[in-house]
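**Student:** Questions regarding the structure given below will be posed in turn.
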Amino acid sequence: MLLRLFTLAFLLSATAAGAATVQLEDGRVLSGKVVQVAGVAEDPSDPRPMAGEVKVSPILIVDDGLRRTYVANRDVKEVLQAEEEKGVKFRLWQNVADHGGYLASVGPRLGADPWDPFGRRTFHMKSPDGPLSIIQGITEITPQYVRIEGLTGARRAVQWDMRLATSSVPRDQLSTMLHQLVSDQDYEGRLQIVQLYLQAERYPEARKELEQVLKDFPDRTELKDNIQQLRQLGARSILKEIELRRAAGQDNLVQALLPRFPAEEVAGETLQQVRQIINEYEQLAARREMYFSRLKEEIGKIEDQQHAELAKAFMTEVESDLTYSTLDRGGAFLQLVDDDTLSAESKVALAMSGWLLGASEATDNFAVASSLMQVRNKVLEYLREEQAARRAQILAEIRDLEGGTPERVAQILKLIKPPESVPEGSERGVRYYEIGVELAPPSGPVRYLVQLPPDYDPLRSYPTILTLNGHGYRPELQLDYWAGGAHPTAGRLGQAMRHGYIVIALDWMEPHQADYGYSLREHQAVLGTLRDAMRRFSIDTDRVFLTGHGAGGDAAWDIGLAHPDLWAGVMPFLARHDKYCSRYRENAEYVDWYFVDGELDGDNIEHNASQLDFYLRPGIPATLVEYRGRGYEPYQDEIQRMFDWMNRRKRRPPPEEFECRSMRPWDNFFWWLEMEGLPKRSMVDPVTWPPKRGTRPTQVRGREYETNKLGVFEQAERTTVWLSPETVDFDKPIEVELNGRRISPRDRSIRPDLGVLLEDARTRGDRQRPYWAKITSP
């Protein structure tokens, strides 16, 4: 296939659709027909300007037949234009409805019958007039999608052109359809089935089918080489899965899979990669064993009885908790254990301090190392303590310890286990928990579900999905969507488990609630649940993704805008912007967005068009996916691409300058700036929406200057500026201004405050980015 590279400048002048491979700046690759449009509401099949209109097309659409993916032109790195690939396509004759009404909207799905051998089924959904059943038939099968159309012969013929991922059709039903379509004696047709599976990267099915073809046509001995090639592709696919699991920290699972790798007739290069992984695990095991044996040996040499007891307690801890994910903490100890100039106590100190601070921060001073063990224990006690008076005592005790400096405590916070345990009796399955938490009024008690990935290690941090259900769907279904259905012994096996994500499904809706209310209660439920989960589970707070379906998608959209500093990405499904979303849209530039909806989900796309056009402009990283002929449904077809998107993202550091909008008293913190008493003229309670004419959001602006200065511009009654090494240098004079007036002290330096550090980690739960000091005015 002949490819030629088009620069983005050339692409901007083209509007005609053509097959292409589009590489985005974030590394994702999209394939399909490419067209440029001026806005989301524009018809992609007719993107021509009106008479006298100058065409401006800032949005690129990639249509792969299943869905249209919208991205901003400025997010495109390069486009490879190509002759359209001759993919396999099976056409099935059906009595397609060519009269009757067009389906304008697909309501919530009630169910669908299995596909029959001829590619027909009955689809059941909700409609304004009650349940509606429509007979559908598959008219095209491709490696990527099947085309499904409404059929005649029903009491009510409906014209409907719908696309579904081929992978969503059950394997046995797809195979039955293909073999009904192709005679067993049709050699070329049988090979087309093999080719379909091959292009869909379904190598086991392709190999099984090809082996059956060879059995039915034994004189076609040339097929043996093709079967061998399919074995190679299948083996590489298994190796790719092993590497994915390994990157997710699922070492026990990987070591169980490696001995079962299919070595028969597999290419030497692939086997060499497998052997290399096996060797690396053997080296890790040997290194771990060496760590334990040498540590035990050095502890045995310690003469001071008290020091020896402390070292033995440490040995017991690491024997229980050390995994391959934390083995690098012993790097300094293993590197210097043979240094004869160091005493046994010094070597053990390297192991102890490396375990608590990381190998790069390890010290050979045993007094400091043992002090750090005490500091760690008291930090955990502080984070768990509910009584303020006792916390003050613990804080004083930490300050009296040699290792109790803010710098070391901040590092300890990053590496400790979550301070709170999982409540007794909360386990509901394999690594599956149901937890209740009592939040402040008006939220009150809420319930959330947690699914942990295989080989979960509380000393390793995990990316996390916080998902919100919509009306008519239980949180359990949200958990199933991301993590897969529950198995009594194996647990869940879905995509989040493969990629090593924690999934949290929040039961946020009140009984009989149908819509998102934009309320304080709902915000508290989401943020309070996240903070509670961060205290109990090892969540990577730089990789938390907020998502939801339907009303849950509306909530994710609103809360993502209200608190853009908390999320690595926001993924609203089937969402509609309302109330505050349009007033907060400038906040969108500080977080990444991924919208998913259906062409026939009512008027959602049209309703959201003006906002989505704003998001798909320079400065806001956003993707919109629109499924062809689809309506209100979960969109399981998109989950693989969602993980490809999430795996490339982390929460951004505090911007050097930000300007955010707020119209609710509780939308009062952005990064290092927190406010109380926002201007009442700008505050609008959601129950009194819409606001009075002329009501504008209050603007909140923060800026970092090169001179170790922070500037704040807002009109709140009380302002707190939180300080951390991410924004200021504590070794230099720090200046903070509020609306041009200095609020930082002139008579003393601002220094890290251990009390501020610990209390912030306790209340917010973010142990990766705690604040070290604060200034409040007035």
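For the sequence shown, the positions run -19 to -1, 1 to 759 when mature numbering (1 follows the signal peptide of the UniProt record, and there is no 0) is used. A virtual CB, placed ideally from N, CA and C, is assigned to each residue, including glycine. Note that the structure is a prediction, hence the values are computed from the model and not measured.
Provide the residue span of the beta strand (DSSP E) that contains F639, from first to last.
**Tutor:** Looking at the DSSP string, the run of the beta strand (DSSP E) that includes F639 is E638 to S643.
**Student:** If you compare alpha carbons, which of M644, E657, V702 and L317 is closest to V665?
**Tutor:** Comparing Cα positions, the closest option is M644.
**Student:** Which two residues bound the contiguous alpha helix (DSSP H) that contains L317?
**Tutor:** Where L317 is concerned, the enclosing alpha helix (DSSP H) stretches over G312 to L317.
**Student:** If I'm right that E698 touches L691 with Cβ under 8 angstroms, what's the distance once you round it to whole angstroms?
**Tutor:** Incorrect: roughly 19 angstroms between the Cβ atoms, too far for contact.
**Student:** Compute the beta-carbon to beta-carbon distance between I756 and V668, rounded to the nearest angstrom, for a pair I have assumed lies under 8 angstroms.
**Tutor:** That belief does not hold up - the Cβ atoms of I756 and V668 are roughly 35 angstroms apart, past 8 angstroms.
**Student:** Excluding the five sequence neighbours on either side, which residues of its own chain have a C-beta within less than 6 angstroms of the C-beta of R512, listed in chain order?
**Tutor:** Excluding sequence neighbours, R512 sits near G746.
**Student:** Skipping 5 residues on each side, what residues in its chain have a beta carbon closer than 6 angstroms to that of A(-4)?
**Tutor:** In this predicted model, A(-4) has a pLDDT of only 40, less than 50, meaning its place in the structure is not dependable; the value taken from the coordinates is given anyway. Once the five neighbours on either side are set aside, A(-4) has no close Cβ partner at all.
**Student:** Taking the alpha helix (DSSP H) that H80 belongs to, which residues open and close that run?
**Tutor:** From DSSP, H80 is part of no alpha helix (DSSP H); its letter is neither H nor E.
**Student:** How many angstroms separate the CA atom of W653 from the CA atom of A754?
**Tutor:** So the two alpha carbons sit approximately 10 angstroms from each other.
**Student:** On the premise that G410 lies in contact with G472, defined as a C-beta separation below 8 angstroms, what is that separation, rounded to the nearest angstrom?
**Tutor:** Sure, about 6 angstroms apart at Cβ, within 8 angstroms.
**Student:** How far does the beta strand (DSSP E) with R90 in it extend, from its first residue to its last?
**Tutor:** Looking at the DSSP string, the run of the beta strand (DSSP E) that includes R90 is R90 to A93.
**Student:** Tell me which residue opens and which closes the beta strand (DSSP E) that Y482 is part of.
**Tutor:** Segment: none, Y482 is in no beta strand (DSSP E) and carries neither H nor E.
**Student:** Please confirm if the region 94 to 106 is in contact with the region 203 to 210, defined as three or more CB-CB distances below 8 angstroms between the two stretches.
**Tutor:** At 8 angstroms Cβ cutoff, the stretches do not touch.
**Student:** Going by beta carbon distance, what residues of the same chain come within less than 6 angstroms of L593, once the five residues before and after it are set aside?
**Tutor:** So the qualifying residues of the chain are V21 and L605.
**Student:** For the candidate residues N628, G529 and K398, whose alpha-carbon lies nearest to that of E576?
**Tutor:** Before going on, a small fix: residue 576 reads as Phe here, not Glu. Among N628, G529 and K398, the Cα nearest to that of F576 is on G529.
**Student:** Would you kindly report the start and end of the unbroken alpha helix (DSSP H) that includes G410?
**Tutor:** First-last for G410: E408 to G410, but that is the beta strand (DSSP E), not the alpha helix (DSSP H).
**Student:** What runs of the beta strand (DSSP E), each 3 residues or longer, lie entirely inside the region 453 to 522?
**Tutor:** DSSP runs (the beta strand (DSSP E)) wholly in the region 453 to 522: 483 to 488.
**Student:** In the structure shown, what three-state DSSP assignment does D153 receive?
**Tutor:** DSSP places D153 in helix when its eight states are reduced to three.
**Student:** When the Cα atoms are used, what is the spatial distance from L(-17) to L61?
**Tutor:** Residue confidence for L(-17) is low, a pLDDT of 31 falling below 50, so the modelled location carries little weight; the figure read from the coordinates is stated next. Between L(-17) and L61, the C-alpha separation is close to 6 angstroms.
**Student:** Which class does L739 belong to by DSSP, given the choice of helix, strand or coil?
**Tutor:** If DSSP states are grouped into helix, strand and coil, L739 belongs with the helices.
**Student:** Just grab the DSSP bridge partners of K755 for me.
**Tutor:** For K755, which the question treats as bridged, DSSP gives the partners W703.
**Student:** When we look at the beta-carbon of T123 and count the other beta-carbons within 10 Å, is it buried (16 or more) or exposed?
**Tutor:** The residue is buried, with at least 16 neighbouring Cβ atoms inside 10 Å.
**Student:** Taking Cβ positions, are Q75 and L113 nearer each other than 8 angstroms?
**Tutor:** Taking 8 angstroms as the Cβ cut-off, Q75 and L113 do not qualify as a contacting pair.
**Student:** What's the gap between the Cα of A477 and the Cα of E182?
**Tutor:** For A477 and E182, the distance between alpha carbons rounds to 21 angstroms.
**Student:** Please report the distance separating the alpha-carbon of G721 from that of I715.
**Tutor:** Taking the straight line from one Cα to the other gives about 15 angstroms.
**Student:** Between the alpha carbons of D167 and R128, how many angstroms are there, rounded?
**Tutor:** Cα to Cα, the separation comes out at about 24 angstroms.
**Student:** Give me the Cα-Cα distance between N233 and K277, rounded to the nearest whole angstrom.
**Tutor:** Roughly 25 angstroms separates the two Cα atoms.
**Student:** Taking the C-alpha atoms as reference points, what is the distance between R677 and L225?
**Tutor:** Spanning the two alpha carbons is a distance of roughly 48 angstroms.
**Student:** Since Q17 sits in a beta bridge, which residues does DSSP pair it with?
**Tutor:** Answer is L41, bridged to Q17.
**Student:** Terminal residues of the continuous beta strand (DSSP E) containing V693?
**Tutor:** First-last of the beta strand (DSSP E) with V693: K690 to F694.
**Student:** Under the rule that 16 or more other beta-carbon atoms within 10 Å means buried, what is T50, buried or exposed?
**Tutor:** Burial call: buried.
**Student:** Are at least three pairs of beta-carbons, each pair with one atom in the region 560 to 573 and one in the region 70 to 89, less than 8 angstroms apart?
**Tutor:** Result no; under three Cβ-Cβ pairs closer than 8 angstroms.
**Student:** Let me know if D488 comes out buried or exposed under the rule of 16 or more other beta-carbons within 10 Å of its beta-carbon.
**Tutor:** So D488 counts as buried.
**Student:** Quick check: what's the CA-CA separation for F273 versus A350?
**Tutor:** Using only the alpha carbons, I get a separation of about 18 angstroms.
**Student:** Do the CB positions of K58 and Q4 come within less than 8 angstroms of each other?
**Tutor:** Contact flag set, yes.
**Student:** Starting from the Cα of W548, find the closest Cα among S500, V318, T448 and R642 and give me that residue.
**Tutor:** Comparing Cα positions, the closest option is T448.
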